[in-house]
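Remarks on the structure that follows.
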Amino acid sequence: MNCDSGKRRGKRRVWGGRSDVRSVLYMAVLSAKKYNPVIRDFYNRLKEAGKPHKVAAVASMRKLITILNAMVRSGQLWGQYAHAA
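In UniProt numbering, the protein residues as written are 1 to 85.
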């Protein structure tokens, strides 16, 4: 959702999906950007490209959920998959 008015371009908001899942994913990304090398490298690459924190965090949330979906699909555990993505 955007907050535009005339020539002013406001910040976008993430509003789709379930809010409880979004907040859990956001907290997971805050931890993963410190301790998971795959998410950390992805997040840092976006920040170095000039993306704001919120944009980089939401993209990292999507990457994390993609990794988790692939793990469920293949039946792998986190320890087996953590550094292979």
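Note that beta-carbon positions come from the ideal geometry of N, C-alpha and C, so glycine has one too.
- Judged by DSSP secondary structure, A57 falls within the alpha helix (DSSP H) whose first and last residues are H53 to S74.
- With contacts defined as CB atoms closer than 8 Å, A28 and Y43 fail to qualify as a contacting pair.
- Taken atom to atom, the span from the alpha-carbon of G79 to that of V21 is near 23 Å.
- The C-beta distance from L64 to I39 rounds to 6 Å, short enough to fall under 8 Å.
- If you look at R22, you'll find it in the alpha helix (DSSP H) that goes S19 to Y35.
- G79 sits in a helix when the DSSP states are folded into three classes.
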